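**Student:** Encoded as structure tokens, here's the structure I'll be asking about.
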Amino acid sequence: MQFVLRWLGGAVIVLFLVGCGESGSTLTVTGSSTIAPLMTELAERYEAETGVQVDVQSGGSGRGIGDVRQGLADLGMVSRALKAGEQDLDGHLIGRDGIAIIVHRDNPVLALNDDQIRAIYTGKIQRWDAGSTEGRPITVVHKAQGRSTQELFLAHFQLENSQVRPDRVIGENQQGIKAVAGDPFAIGYVSIGTAIYEADNGTAIRLLPLEGKPASLAVLAQGDYPLVRELNLVTHGEMSQTVVDFLAFVTRTDMADVYHDYYFLPAAE
Amino acid sequence: MADRVAWLAGWVLLALVMVPVALMVTALWQQSADVLSVGFLLEDPGRAGRSGGIAALLISTGWILALCLLVAVPVGLGCALYLSESLPADSRRAQWLGGVLDMLAAVPSIVYGLFGYQFFAITLGLGFSILSGALALSLMVLPLMIRSAEQAMRAVPMGYRQARDALALSRWGWVRRILLPCAAPGIAVGIILSAGRALAETAVLLFTAGYVLRRPDSLFDSGRTLSVHIYDLAMNVPGGMPRAAATAVVLVALLVLLNLLVRRVLRQPMTEALV
Amino acid sequence: MITTSSLPLSDRLLGLALRLCGLLAALVLGGIVVVLLVRALPFLINEGAGIWQSTWQPGQGEYGMAPMIAGSLFVSVLALVLAAPVAVLLAAWLRYFAPRLRRPVLAGVELMAGIPSVVYGLWGMLVLVPWINQWVPPGASWLAGSLVLALMIVPLALLVTDAALGQLPLRYQRAGEALALSRVGMLRRVLLPRAAPGIVGGVVLQFGRALGETMAVLMVCGNVVQWPDSVFAPVRTLTANIALEMAYATGDHRVALFVSGLLLIAVTGLLLMASWRLRGVSHG
Chain A
2 MQFVLRWLGG
12 AVIVLFLVGC
22 GESGSTLTVT
32 GSSTIAPLMT
42 ELAERYEAET
52 GVQVDVQSGG
62 SGRGIGDVRQ
72 GLADLGMVSR
82 ALKAGEQDLD
92 GHLIGRDGIA
102 IIVHRDNPVL
112 ALNDDQIRAI
122 YTGKIQRWDA
132 GSTEGRPITV
142 VHKAQGRSTQ
152 ELFLAHFQLE
162 NSQVRPDRVI
172 GENQQGIKAV
182 AGDPFAIGYV
192 SIGTAIYEAD
202 NGTAIRLLPL
212 EGKPASLAVL
222 AQGDYPLVRE
232 LNLVTHGEMS
242 QTVVDFLAFV
252 TRTDMADVYH
262 DYYFLPAAE
Chain B
39 MADRVAWLAG
49 WVLLALVMVP
59 VALMVTALWQ
69 QSADVLSVGF
79 LLEDPGRAGR
89 SGGIAALLIS
99 TGWILALCLL
109 VAVPVGLGCA
119 LYLSESLPAD
129 SRRAQWLGGV
139 LDMLAAVPSI
149 VYGLFGYQFF
159 AITLGLGFSI
169 LSGALALSLM
179 VLPLMIRSAE
189 QAMRAVPMGY
199 RQARDALALS
209 RWGWVRRILL
219 PCAAPGIAVG
229 IILSAGRALA
239 ETAVLLFTAG
249 YVLRRPDSLF
259 DSGRTLSVHI
269 YDLAMNVPGG
279 MPRAAATAVV
289 LVALLVLLNL
299 LVRRVLRQPM
309 TEALV
Chain C
945 MITTSSLPLS
955 DRLLGLALRL
965 CGLLAALVLG
975 GIVVVLLVRA
985 LPFLINEGAG
995 IWQSTWQPGQ
1005 GEYGMAPMIA
1015 GSLFVSVLAL
1025 VLAAPVAVLL
1035 AAWLRYFAPR
1045 LRRPVLAGVE
1055 LMAGIPSVVY
1065 GLWGMLVLVP
1075 WINQWVPPGA
1085 SWLAGSLVLA
1095 LMIVPLALLV
1105 TDAALGQLPL
1115 RYQRAGEALA
1125 LSRVGMLRRV
1135 LLPRAAPGIV
1145 GGVVLQFGRA
1155 LGETMAVLMV
1165 CGNVVQWPDS
1175 VFAPVRTLTA
1185 NIALEMAYAT
1195 GDHRVALFVS
1205 GLLLIAVTGL
1215 LLMASWRLRG
1225 VSHG
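Chains as they are written, first to last, in the numbering used here: chain A, 2 to 270; chain B, 39 to 313; chain C, 945 to 1228.
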């Protein structure tokens, strides 16, 4: 028994010594769940090249902003432009994305104009009115608060959150995609990159054009798509050298393929 | 006649319960078919989890689990010892303490996540780390651990205690040489049950251990467990479903193994312990 | 107990350590409540009444939790209503009608009890919700949440019932057989009523578990903050709300989430005490 106890005590000490390892060169990046997978991969590459660890945590753009302000993170991932009240932060553009309206692949609707979308989301239009979905109630899929996708959507259609009448509230992009893919009468909005990725890979969704402009990367690159958004990394106050290096890394031209993998546009394009 | 009907009705109920679960497990198995292999367990995840395996996650999960048990088991044993040795089973204090433990066991797990986030991650400054996660988890499994150990200890026959008194054994000697070895199977069950509960937990870890995909280098690193990985791959990463399903299969297999271990130790279905 | 005045040091240390450990459990529970309460008190004093409103718009300072409290309760109650009869009847059936199946089925049920909630939630989201959607859109709803929760509750409720039935004295069954009662009659009139306190107490405990479930309901309930007008309407539970919003909530919003956590503790505590009463357990 003595032996066991001594061994246990030794193990605890060893664990702690090991545990108090390198907390030196680590970057913490938190925020938008849209950017998180992209950032995780960029971080993997950065670590392979420089050995600096980068921790990426999801949680929403709101979290990124809060964490950076409180010093809990070195960089915040924010999938929109900074607002008026956020001028204490520095935004660094790393890429572009958009927001696409998606419906189920079998939904015969080909396009909706802004007014129709507004009416659907405020509950004024409640049923589809054409083709195979005629008369069926629309399932309105809306994003939860604190997500910049939601804020941008509301801003574009000049709506307040309290005016929206959702049938389903989702947290992350994939949940939204699965919600629409599993429901022939659903309509939702997600990051364009995610939507195109999924549609290309056979998921049962279709992107609707917005204001007549098709939701494709080409249109996005030309700057014609109406609902674009910036993908930003934000910092607060003075940046350490590691942060500066990392920012330079993620905007390097040879990192573009990672962005393309997720169907985002790197800042340079 | 009524018995006949009841006989049939029972089969219906059985099907009602077993079939959905069977379908669920089969669906998981199918979805993960292309991805599951020994390599899956040995490779690290790549491309934000869309490729590769879950080696780093197994390591993170292992650390969190180990640390959680490292805290919960000694404290749990201590508490159980106190309950079984210092307090007679029907004394006011024993019942009151038992009540507190049951309360703790009933608290929703997300509250442990909230508390862990507020206390461990922020107040103690541990941030999003394996340490935060493991400590929050250990709080969660502590009641279970204490109850199992206490039951095991109280089950040690009265005759042994009387012999101890007759022989004027020291307390510590009694504990070390007789009580613990006797109660060991029950305690082991408690440990395994706690491990199972900790493994299956997701919500607590989202706010304490975080999301990071890499192999952890230290306890202060963030790390992802299998259950969080399943959640993230399914809900956040495009193209992550097959690996989410594969991870789910691995997790369920692990839990099944733990369960089998318990049955081996106990050699009977556990009913009280699970409640 | 030995009462000598010269206890060895190891014993004295042990006694001290044990007493500390014993206090620890009480401290932990108290600690959790205190930490959360301390953060929540100012908010409660200023805006406490507001949590009973029906509008949850943290961006505009509205923290009405009533629909979510209702969501949590409704989803759990329906889950219990669905799961309890199935579990109790199945347990009784296994014991008295198909005793040879009892061991293997219980083993399978124990395995079911071990499946993590994320997996149930995933299944619910990918299979159950689209299926319900085919009957009544939108699919992600109160009913979906209750069905998934019921599936999660059944294993444990079944085991509890089995245990309660197992504790009944054998003479009840023998007496019934001697009187040539049908097994159904025996169950209905004698066995189940006798075992009822234990069964109900255990089942009420599962209600507490259902109330505390987060991941599965997050994925299938729809997460819309509203009073449901039918079982097919989406709802948001307090637990799902915490999970959705904790990450980015600041200031009053975060405190409001703590308050919802405290509410959960309070309700599960009350349920627990009810369960003790029913089971005839005295906990002082």
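All residues carry an ideal CB built from backbone N, CA and C; glycine is no exception.
Computed from a predicted structure; not experimentally measured.
In terms of alpha-carbon separation, which member of A:V110, A:A145, A:Q117 and A:I121 lies closest to E271 (chain A)?
**Tutor:** The requested residue 271 (chain A) does not occur in the structure, where chain A is confined to residues 2 to 270.
**Student:** Can you tell me where the alpha helix (DSSP H) holding N108 (chain A) begins and where it ends?
**Tutor:** Where N108 (chain A) is concerned, there is no enclosing alpha helix (DSSP H), given that its DSSP letter is neither H nor E.
**Student:** Can you tell which of C:V1098, C:I1059, C:S1219 and C:I1186 has the C-alpha that lies nearest to the C-alpha of P1141 (chain C)?
**Tutor:** Answer by Cα proximity: C:S1219.
**Student:** In whole angstroms, what is the alpha-carbon distance linking V313 (chain B) and S186 (chain B)?
**Tutor:** Unreliable positioning characterises V313 (chain B) in this predicted model, as indicated by a pLDDT of 41, which lies under 50. A coordinate reading is not provided.
**Student:** Determine which residues of the region 1075-1094 of chain C have a Cβ less than 8 Å from any Cβ of chain E, and write them out in chain order.
**Tutor:** The structure shown contains no chain E; the protein chains it does contain are A, B and C.
**Student:** Beta-carbon separation of Q1001 (chain C) and N162 (chain A) under 8 Å?
**Tutor:** Cβ distance < 8 Å, so Q1001 (chain C) and N162 (chain A) count as in contact.
**Student:** For L80 (chain B), count neighbouring C-beta atoms within 10 Å of its own C-beta (all shown protein chains included) and say buried if the count is 16 or more, exposed if not.
**Tutor:** Answer is exposed; the Cβ neighbour count stays below 16.
**Student:** Give me the Cα-Cα distance between M240 (chain A) and R214 (chain B), rounded to the nearest whole angstrom.
**Tutor:** If you take the alpha carbons of M240 (chain A) and R214 (chain B), they lie about 56 Å apart.
**Student:** Can you pull the chain A residues whose beta carbon is under 7 Å from the beta carbon of Q1194 (chain C), in chain order?
**Tutor:** For clarity, residue 1194 (chain C) is Thr in the given sequence; the question names Gln instead. What T1194 (chain C) touches in chain A: G67.
**Student:** Would you kindly report the start and end of the unbroken beta strand (DSSP E) that includes L209 (chain A)?
**Tutor:** Start and end: I206 to L209.
**Student:** Find the nearest neighbour of Q151 (chain A) within the set A:T27, A:S34 and A:A269, judged by alpha-carbon distance.
**Tutor:** It is A:S34 whose Cα lies nearest to the Cα of Q151 (chain A).
**Student:** I believe A190 (chain B) touches I229 (chain B) by the beta-carbon criterion, under 8 Å. Please report the beta-carbon distance rounded to the nearest angstrom.
**Tutor:** About 11 Å; that fails the 8 Å criterion.
**Student:** Hey, quick one: how far does the beta strand (DSSP E) through G189 (chain A) stretch, first residue to last?
**Tutor:** Element bounds for G189 (chain A): A187 to S192.
**Student:** Would you verify that the beta carbon of D72 (chain B) is, or is not, closer than 8 Å to some beta carbon of chain C?
**Tutor:** No, no contact with chain C.
**Student:** Which partner residues of H143 (chain A) appear in the DSSP bridge assignment?
**Tutor:** H143 (chain A) is bridged to A:V170.
**Student:** Starting from F78 (chain B), find everything on chain A with Cβ-Cβ shorter than 9 Å and list it in chain order.
**Tutor:** None at all; the shortest Cβ gap to chain A is about 18 Å.
**Student:** Would you mind giving the Cβ-Cβ distance between A283 (chain B) and S70 (chain B), rounded to the nearest angstrom? I have them listed as a contact below 8 Å.
**Tutor:** Rounded, the Cβ-Cβ distance is 4 Å, consistent with contact.
**Student:** Mind checking who N233 (chain A) pairs with in its DSSP beta bridge?
**Tutor:** Note: N233 (chain A) sits in a beta bridge opposite A:V79 and A:L94.
**Student:** Roughly how many angstroms separate the alpha carbons of L135 (chain B) and P1060 (chain C), rounded to a whole number?
**Tutor:** The alpha-carbon atoms of L135 (chain B) and P1060 (chain C) are separated by roughly 29 Å.
**Student:** What residues of chain A sit near G1146 (chain C), judged by a beta carbon separation below 8 Å?
**Tutor:** Under the 8 Å cutoff, chain A gives no residues; its nearest Cβ is about 34 Å from G1146 (chain C).
**Student:** Is G65 (chain A) near V55 (chain A), with beta carbons less than 8 Å apart?
**Tutor:** No. Outside cutoff.
**Student:** Quick check on G61 (chain A): buried or exposed, where buried means 16 or more other Cβ atoms within 10 Å of its Cβ?
**Tutor:** Buried, by the Cβ-count rule.
**Student:** In chain order, which continuous runs of the alpha helix (DSSP H) of length 4 or greater are located wholly inside the region 174-237 of chain B?
**Tutor:** Counting only runs of 4 or more, we get 196-205 and 209-212.
**Student:** From the beta carbon of P1002 (chain C), is the nearest beta carbon of chain A less than 8 Å away?
**Tutor:** True, the Cβ-Cβ gap to chain A drops below 8 Å.
**Student:** Strictly under 8 Å for the Cβ-Cβ distance: is L1155 (chain C) near chain A by that measure?
**Tutor:** No, L1155 (chain C) lies away from the interface with chain A (no Cβ there is under 8 Å from its Cβ).
**Student:** Quick one: Cα of V979 (chain C) to Cα of I160 (chain B), how far?
**Tutor:** Near 12 Å, if we compare the C-alpha coordinates of I160 (chain B) and V979 (chain C).
**Student:** Does the region 996-1015 of chain C come into contact with the region 1181-1197 of chain C, if we say contact requires no fewer than three beta-carbon pairs (one atom in each stretch) closer than 8 Å?
**Tutor:** These segments touch.
**Student:** Comparing the C-beta of P276 (chain B) with each C-beta of chain A, is any distance below 8 Å?
**Tutor:** By this cut-off, P276 (chain B) is an interface position.
**Student:** Taking the alpha-carbon of L264 (chain B) as reference, which of B:F258, B:T64, B:L257 and B:R235 has the nearest alpha-carbon?
**Tutor:** Cα-wise, what sits closest to L264 (chain B) is B:R235.
**Student:** Beta-carbon within less than 8 Å of Y260 (chain A)'s beta-carbon, same chain only, minus the 5 sequence neighbours each way: which residues are those?
**Tutor:** Around Y260 (chain A): L39, G96, L266 and P267.
**Student:** Please name the residue in C:G1146, C:M1159 and C:L1125 whose C-alpha comes closest to that of L1093 (chain C).
**Tutor:** That would be C:M1159, whose Cα lies nearest to the Cα of L1093 (chain C).
**Student:** Can you list the residues of chain C that P219 (chain B) reaches, using a CB-CB cut of under 7 Å?
**Tutor:** Within chain C, no residue comes near P219 (chain B); the closest Cβ sits about 17 Å away, beyond 7 Å.
**Student:** With C-beta atoms as the reference, is W101 (chain B) less than 8 Å away from I184 (chain B)?
**Tutor:** No, Cβ-Cβ distance for W101 (chain B) and I184 (chain B) is not below 8 Å.
**Student:** Measuring straight from C-alpha to C-alpha, what distance separates L52 (chain B) and L173 (chain B)?
**Tutor:** When rounded, the distance between both Cα atoms is 39 Å.
**Student:** Check whether the region 1020-1032 of chain C and the region 1058-1072 of chain C touch, using three or more Cβ-Cβ pairs below 8 Å as the test.
**Tutor:** The region 1020-1032 of chain C vs the region 1058-1072 of chain C: no contact.
**Student:** Using the beta-carbon of each residue, which ones in chain B are nearer than 9 Å to V1019 (chain C)?
**Tutor:** Residues of chain B passing the Cβ test: none, with the nearest at roughly 13 Å.
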